[in-house]
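Quick notes on the structure that follows.
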Amino acid sequence: RMGAEDILDYLKKKSIKIALASSSPQREIDKMLTQNALAPYFDFVISGEKLSKSKPHPEIYQIAVNALDGRHCIAVEDSPVGIASAKAANLYTIALKQDLPLDQAQADIVIDELNDIIQIIETYDID
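Rendered as structure tokens:
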């Protein structure tokens, strides 16, 4: 996705911990991270296939937050089910606008590009 490496670089430079909580199978996650050289950016990676409950249940986010010892966590999602999962875990949720018309109304904010996250973090002085 456009801007992914830029935002990951920015977050790492600010020493912000990053988790990847995906419903995708672990082998697909690993393949994507390896092919795109993104694995070093993530402090924690979890696949929903390893859990008893899938999104929209908040379990995947609860585990990720605990793994990061997170006090101030945000979720970035692109699907209504993922948004519902993040909100059920009481996370501030950013929805990444998609080309297809999806209901993203549950999100706290909807952004057009991943790089918009930088402005949100700077506005709220998240670190």
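If you read the sequence shown in the working numbering, its first letter stands for residue 68, the second for the next number, and so on. C-beta atoms are modelled at their ideal positions from N, C-alpha and C, and glycine is treated no differently.
Item checked: Check whether L105 and E144 have beta carbons under 9 Å apart -> no
Next item on the list: Look up T160 in the DSSP assignment and give the residues it is bridged to.
Entry: A142
Item checked: Beta carbon of T160 nearer than 9 Å to that of A142 -> yes
Checklist line | Three-state class that DSSP yields for A151 in the structure shown | finding: helix
Next item on the list: State the DSSP-derived secondary structure class of L188, mapped to helix, strand or coil.
Entry: For the record, residue 188 in the displayed sequence is Ile; it is not Leu. Looking at I188 - three-state DSSP - the assignment turns out to be helix.
Next item on the list: Take every Cβ of the segment 90 to 97, pair it with every Cβ of the segment 108 to 127, and state whether three or more of those distances are shorter than 8 Å.
Entry: yes
Notebook entry, point to check: So is G137 in contact with chain D if we call contact Cβ pairs under 9 Å?
Noted result: Of the protein chains in this structure there is only one, and it is not chain D.
Item checked: Identified DSSP bridge partners for A88 -> I113
Check: Does DSSP classify I176 as helix, strand or coil?
Finding: strand
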